[in-house]
Structure formats: C-alpha cells, structure tokens
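Scroll down for the structure; my scribbles are underneath it.
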Amino acid sequence: MTVITAFLSSSLPVLGLCLATGCAALLAWRNAPTPQPVPVRVRSRRR
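Using numbering that gives the first Met the number 0, the first residue of the sequence shown is number 0, and each one after it goes up by one.
Shown next as structure tokens:
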C-alpha cells in the first residue's frame, strides 16, 4: 500500500499540471482567431 500511495502522491501533481495546461491551451486555441496560413514562398525561402 505504501508504494501505491507514494506513486499516487507523486503522479497526482503531474496529472493536475497536465490537465491545467491542456485546459489553458484549449481555451487559448478557442479564443484565438483563426491563424492565416503561411504562404509557400516564405517556407521555400527559409529552406
């Protein structure tokens, strides 16, 4: 039981952080306007 509780206590903050960042990214992606596609000319120049 000690190993299970230690694993849960150590993994819970990581899961919470992933959920928080995921929700924040989803909200930002929904609120952000649709980005204009990058023209192909710029990509070819960068290469």
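All C-beta atoms in this analysis are idealised placements derived from N, C-alpha and C, irrespective of residue type, glycine included.
As the structure is a computational prediction, the values presented were derived from the model and not from experiment.
Can you tell me the Cα-Cα spacing of residue i and residue j, whole angstroms?
i, j, result
"A23", "L11", "18 Å"
"L16", "F6", "16 Å"
"P36", "L14", "33 Å"
"G21", "M0", "31 Å"
"A19", "R29", "15 Å"
Leaving aside the five residues before and after residue i along the sequence, list all residues of the same chain whose C-beta is less than 8 Å from its C-beta, in chain order.
i, result
"S9", "none"
Apart from the five residues on each side of it in sequence, which residues of its chain come closer than 7 Å, Cβ to Cβ, to residue i?
i, result
"I3", "none"
Residue i: beta carbon under 7 Å from a heavy atom of the ligand ATP?
i, result
"M0", "This structure lacks the ligand ATP; in fact it carries no ligand of any kind."
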